[in-house]
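Numbering (the working numbering), first residue to last: 5 to 383. Where a beta carbon is used, it is the ideal one built from N, C-alpha and C, also for glycine. These numbers were taken from a predicted model, which means no experiment stands behind them. Down below is the structure, laid out as structure tokens.
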């Protein structure tokens, strides 16, 4: 049964007693001073770097983000450079990080900052939340870390940490849980050094108050933790129900004409919108068409080009959200038709050497490598 939290007297005191909050902050900041990781986005309080890192870290691990962040800010070192960049360059720099809507939102927000605010980041949470891709957490992170604004934050690590401290065993994603945890995050804020405090909370959740097997003996907040007092660290916070995985089968076709391959740009609303890809589609193994006929029909529907399939090159497996996809990669050669390309759905012959410069999905990049390897084989 869900409770409204505050599962111990110590946890209750943490929210209502000023002296208790001061002790909590002191312990947390002392711990952070000894254990803070040397992360590239922490070397400056430049709001641009803080913002880029926070967008990249959404649903992505620190380890995965580090090389992408360094490459991104090296190529686009400030908001003006990002605003002036072509979307294809932004997507190419983001390639492999996934959730490409974040990159498009980042690009759109940079243009808004330049056009509406003269390239200067606003300091208040409400203004930051008007930017594409910026919600309450990201706005609070940028405002507090870059400008030391007294703004609370709540993300995966702090949700877990605060839910355990308060002993909240309801669903932290629902309205009641969100109200309680945002209130707790706000109550705990110091009057100054907010940047250090908020980063320390996130770091503690990431390094010590981990999803499984939390290291409670190392935790500076252990004496206030209701979940630890009840021995319920493994039950709090409540985990979301597992989403059933659906198996799909798709085909991609590498169609080569001399030293170029046929690519299409994924339109808005489609998976990997804005990226380029080889003709790719779901295949119906139980349908009335043979796989050969299906490849011919669906490539022509997507591109306007008639092909002759030339055999299976490779099979890849990958996951996208709740889908587990088996992707058969076929070779094909053009035998007729004409490219059907529009501004909304571009299709083009792309020279093989240019494949390195255009943004592809992770599997699209692997298919490109297959195409380049095939091109290097003697005919």
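So the beta strand (DSSP E) residue i belongs to, where does it begin and stop?
i, result
"residue 269", "264–269"
"residue 330", "327–341"
"residue 157", "Run containing residue 157: none; DSSP gives neither H nor E here."
If you run the structure through DSSP and keep just helix, strand and coil, what is residue i?
i, result
"residue 139", "coil"
"residue 249", "coil"
"residue 51", "helix"
"residue 321", "strand"
"residue 6", "Only weak support is given to the placement of residue 6: the predicted model assigns it a pLDDT of 45, under 50, and the value that follows is read from those uncertain coordinates. Of the three classes helix, strand and coil, the one that applies to residue 6 here is coil, per DSSP."
"residue 221", "helix"
"residue 151", "helix"
"residue 212", "coil"
"residue 314", "strand"
Where does residue i land, buried or exposed, given buried means 16+ other C-beta within 10 angstroms?
i, result
"residue 36", "buried"
"residue 134", "exposed"
"residue 181", "buried"
"residue 199", "buried"
"residue 105", "exposed"
"residue 286", "exposed"
"residue 30", "exposed"
"residue 178", "exposed"
"residue 48", "exposed"
"residue 166", "buried"
"residue 363", "buried"
"residue 341", "exposed"
"residue 159", "buried"
Between residue i and the rest of its own chain, which residues show a CB-CB distance below 8 Å, the 5 nearest in sequence each way excluded?
i, result
"residue 66", "41, 43 and 210"
"residue 152", "196, 197, 198 and 199"
"residue 139", "133"
Out of the options, which one is the CA nearest neighbour of residue i?
i, options, result
"residue 194", "23, 378 and 369", "23"
"residue 95", "339, 17, 222 and 270", "270"
"residue 307", "266, 322, 323 and 274", "266"
"residue 262", "312, 356 and 85", "356"
"residue 190", "219, 273, 312 and 144", "144"
"residue 212", "311, 202 and 226", "226"
Could you check where the alpha helix (DSSP H) with residue i kicks off and where it finishes?
i, result
"residue 355", "Looking at the DSSP string, residue 355 is not in any alpha helix (DSSP H); the run it does join, the beta strand (DSSP E), is 351–355."
"residue 286", "Here residue 286 belongs to no alpha helix (DSSP H); instead the beta strand (DSSP E) covers 284–286."
Can you give me the Cβ contacts of residue i inside the same chain, cut-off strictly under 7 Å, excluding the 5 residues immediately before and after it?
i, result
"residue 109", "136 and 137"
"residue 163", "176, 185 and 241"
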